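For the record, the sequence lines run as chains Z and L.
Once you know that position 311 of the first sequence is 311 in the UniProt record's numbering, the rest is easy, because the numbers rise by one and skip nothing.
Once you know that position 143 of the second sequence is 143 in the UniProt record's numbering, the rest is easy, because the numbers rise by one and skip nothing.
Note sheet for the following structure.
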Amino acid sequence: MLEGLVSPENLSLSYADMSVPERLKWLQQHQQQEVLSLSSNDSPDLLQILQFHGSNNDELLQSTFSHFQMVGSGFGTNYNMGFGHSHEAMDGCISRTSSCQIHPPDTMGVMLKNSEENRAISLKNKRKSEVKTREEEKTEKKIKVEAETESNISNKEASSDTSKETSKGASQIQKLDYIHVRARRGEATDRHSLAERARREKISKKMKYLQDLVPGCNTVTGKAGVLDEIINYVQSLQRQVEFLSMKLAVINPELELGVEDLSVKQFQAAYFTNFPVVIASKPSVMVDVPLFPLDQQGSLNLSVSNPNQTSIDAPSESWETQSQSLFASVLR
Amino acid sequence: MQPTSSMKEEFLQKWQMGLQIYRPLIDNTSVSERMKAIKLSADVAMASLRRGTTCWSRALIQKTATEDNFLVRQMLSGIKAETLINKKLPKVMCHRKIVRRSKKILRRRKSRSAIEEVAAKARKLVNKKTQGLRNVVPGGEFMSNDVLLIQETLDYIVSLQTQVNVMRSIVDAAEAGSER
């Protein structure tokens, strides 16, 4: 999926060769090119230009929007969107930008550092390209080189500090992974709202996972309903655990599970697939509980000496022989 | 992500180990004691599957450590046990009442358009639900971050499913055996 991208490692090398001011110049030039090409395209809607430093800038000319993309170490496999794929998507979506202005567009890159240990930290890179070239106002914040390294963690503290700085040419080059967020039409584009939006999208993605996991969540829409279902599900699972442990305690006074690993595997494979842990089954089961101590204890005492010796019906003979020998050894 | 068979096996192994620790200690005639033994060892087994990487597992271990310190120490090998048990409870347990009160003070009258009111109510509802989720998931009180909370919930649900599956199959096996 990432074939469209220039591999970050190569870029980092080439970046590392240039010195910082050279890099700035290079980026400025590229921005100029982009802006000019865009203005020549006569699309007044275009405002947001993402400086995606790590990418192939030819592709960037086509896809002029920051979009949601995670480059770098796998944090959830569903996140990756290659540049190569997104061309058509981008062109189709060109009309979605923030409000149209004739003034020089704001280029904004929202970089969110991503690593498995750390949660997303939003680092904003705000740059006014035309302003720089025409009015020569320099308000650029940090410049990030994105590359995939393992030094993310060590750089965490450094980056969280320097993210607030407004350093000009002498900004440090941090090696970070970025998540690019699309700025949509009619939405604010300052750093806080972008960070919030990124966070919200993350949360909604996670909630989708949860919806797949929890049975019966697909019908409900809206966060509150889904959360409700999740809470009910977790509570029912916990209750089931309690109930099953009580049942086991009653059935099995020796506290002997009586199975070895090998046989369990066969046993489970043969008989029990994943039980769909359904909430509906719970009420029917709960009814048995009060009966248990009364019913089973008397009768069980008789059979308690022999429950594990008797062969549990199993399709495979190996299970039988194994189990018998095991139980025999256990009980005698 | 569904519970895998390797997870189930590992859980079963650890659970058995825990029960073996218990066997000489408990009074065999009391159902409640046995149930407690089973449940606690199952919980610690489930939590130890994650080896301390997730917040809920650490919180669960600490919770069972308050009930039965000895079991937890025995079940978790060596170093891990010490660090997990002695570790202080993370972050701050924010006192929700105080936070709520201060928020009320800070809140000034905002423009109450109809749309905003609805949105505000929806947000309040969601916040209530997330608070409910925090109460259910072990260690949820310490997760101030929503993203973290949902991640932990996901992991916790999968582990719970493993636990329930294994326990259920054991119970069914035992039942089938006792019927003979």
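Positions of the beta carbon are idealized from the N, C-alpha and C atoms, including for glycine.
Fair warning: this is a prediction, and the values are worked out from it, not measured in the lab.
Can you list, in chain order, the residues of its chain with a C-beta nearer than 7 Å to that of Q163/L? Leave out the 5 residues immediately preceding and following it. F11, A42, M46, listed in sequence order.
How long is the line joining the alpha carbons of Y209/Z and Q240/Z, rounded to whole angstroms? A straight-line Cα-Cα distance of about 23 Å links Y209/Z and Q240/Z.
For A249/Z versus L125/L, is the C-beta distance shorter than 8 Å? no
Distance, P24/L Cα to N145/L Cα: 43 Å
What three-state label does DSSP hand N127/L in the structure shown? The answer is helix: DSSP assigns N127/L an H, G or I state.
Anyone know if the C-beta pair for K206/Z and Q2/L falls short of 8 Å? Contact: no.
Could you name the residues of the same chain whose beta carbon sits closer than 8 Å to that of Y22/L, not counting the 5 residues immediately before and after it, in chain order? A37, S41, L71
Select from S5/L, N69/L, R134/L, S113/L the residue whose C-alpha is nearest the C-alpha of G18/L. Among S5/L, N69/L, R134/L, S113/L, the Cα nearest to that of G18/L is on N69/L.
When you check each C-beta in the region 142 to 164 of chain L against every C-beta of chain Z, which residues fall closer than 8 Å? N145, D146, V147, L148, I150, Q151, T153, L154, Y156, I157, V158, L160, Q161, Q163, V164
CB contact below 8 Å: P253/Z versus chain L: Nearest CB-CB separation between P253/Z and chain L: below the 8 Å threshold.
For the alpha helix (DSSP H) that contains C55/L, what are its first and last residues? 55 to 67
Do you know offhand how far K63/L's Cα is from Y233/Z's? 21 Å
Can you list the residues of chain L that D228/Z reaches, using a CB-CB cut of under 7 Å? K129
In whole angstroms, give me the CA-to-CA distance for K97/L and K103/L. 10 Å
Within the same chain, show all residues whose beta-carbon is closer than 6 Å to that of V31/L, passing over the 5 residues directly before and after it, in chain order. none
In angstroms, rounded to a whole number, what distance separates the CA positions of E254/Z and R34/L? Their Cα atoms are separated by approximately 9 Å.
Quick one: Cα of A195/Z to Cα of N127/L, how far? A195/Z and N127/L: Cα-Cα distance of roughly 20 Å.
Going along chain Z, which residues have a C-beta under 9 Å from I61/L? Within 9 Å Cβ-Cβ: nothing; I61/L doesn't reach chain Z, min ~16 Å.
Look at L133/L and I230/Z and say whether their C-beta atoms are less than 8 Å apart. yes
So, with DSSP's three-state summary, where would you put Q2/L? coil
Does DSSP classify L12/L as helix, strand or coil? The DSSP-derived three-state label of L12/L is helix.
Quick one: Cα of Q16/L to Cα of K8/L, how far? Between Q16/L and K8/L, the C-alpha separation is close to 12 Å.
Considering only their Cβ atoms, is the gap separating D155/L from T4/L smaller than 8 Å? For T4/L and D155/L, no; Cβs fall outside 8 Å.
Using a Cβ cut-off of 9 Å, pull out every chain A residue sitting near R58/L, in sequence order please. This model lacks chain A altogether, as its protein chains are Z and L.
Could you tell me the alpha carbon to alpha carbon distance between R51/L and L148/L, rounded to whole angstroms? 18 Å
Could you give the first and the last residue of the continuous alpha helix (DSSP H) run that contains N165/L? 146 to 179
Just to make sure I have the definition right: I need the residues of chain L whose C-beta is within less than 9 Å of the C-beta of A188/Z. Which are they? The premise fails here: A188/Z is roughly 16 Å from chain L at the closest Cβ pair, so nothing lies under 9 Å.
Please report how far the alpha carbon of L160/L lies from the alpha carbon of E116/L, in whole angstroms. 39 Å
Using the beta-carbon count (16 or more within 10 Å), is S57/L buried or exposed? buried
Residue-level contact to chain Z via CB, A119/L, 8 Å cutoff: no
Supposed contact pair I157/L and L213/Z - C-beta distance, whole angstroms, cut 8 Å: Contact flag correct, Cβ pair sits at about 6 Å.
8 Å Cβ cutoff, M167/L in contact with chain Z: yes
Just the C-alpha distance for A120/L and Q131/L, rounded to the nearest angstrom, thanks. 16 Å
DSSP-derived helix/strand/coil call for R50/L: coil
When Cβ atoms are compared, which residues of the region 29 to 40 of chain L fall closer than 7 Å to chain Z? V31, R34, M35, A37, I38, K39
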